[in-house]
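Data block below; observations after.
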Amino acid sequence: MFKKRGCPAVPARVNRGYTIFYQGAAVSRIRPRGEFWEVLWWSHRDRWESIGDLGGMVFDTIEEAATYVLDDPMVIFWQ
Numbered sequence: 333m334f335k336k337r338g339c340p341a342v343p344a345r346v347n348r349g350y351t352i353f354y355q356g357a358a359v360s361r362i363r364p365r366g367e368f369w370e371v372l373w374w375s376h377r378d379r380w381e382s383i384g385d386l387g388g389m390v391f392d393t394i395e396e397a398a399t400y401v402l403d404d405p406m407v408i409f410w411q
């Protein structure tokens, strides 16, 4: 999906999910949450955290989660 959109990011399987790397740095994490997929961000606390205050960004498919990372509506991944 990232290559199709012309994004030089590289997804890698890590532990229980996928970490998205861009220019050698981890920018997001997509992990399974039951039958859904949650997108996490690397916070200022130097750890993976849910996005938002209401339980995180959860999607039905991994493709929807990856699209959210690519679109970056909150401008937290591609700074």
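333 is the number of the first residue of the sequence shown in my numbering; add one for each residue after it. C-beta atoms are modelled at their ideal positions from N, C-alpha and C, and glycine is treated no differently. Given the structure is predicted, the values throughout are model-derived calculations rather than measurements.
Please look up how many angstroms separate the CB atoms of residue i and residue j, rounded, as I've assumed it's under 8 Å.
| i | j | result |
| --- | --- | --- |
| phenylalanine 391 | tryptophan 369 | 5 Å |
| isoleucine 352 | valine 359 | 5 Å |
Going straight from the alpha carbon of residue i to that of residue j, what length do you get?
| i | j | result |
| --- | --- | --- |
| arginine 365 | alanine 341 | 23 Å |
| leucine 402 | isoleucine 408 | 11 Å |
| tyrosine 400 | proline 343 | 14 Å |
| isoleucine 395 | aspartate 385 | Per the sequence presented here, residue 395 reads as glutamate, with isoleucine not at that position. Answer to the nearest angstrom: the Cα atoms are 23 Å apart. |
Count the other C-beta atoms from every protein chain shown that fall within 10 angstroms of the C-beta of residue i, then say buried if there are 16 or more, exposed otherwise.
| i | result |
| --- | --- |
| glycine 349 | buried |
| methionine 406 | exposed |
Let me make sure I understand the geometry here. Which of the options has the alpha-carbon closest to that of residue i?
| i | options | result |
| --- | --- | --- |
| threonine 393 | Glu367, Gly356, Ala357 | Glu367 |
| alanine 397 | Ile362, Gly356, Gln355 | Ile362 |
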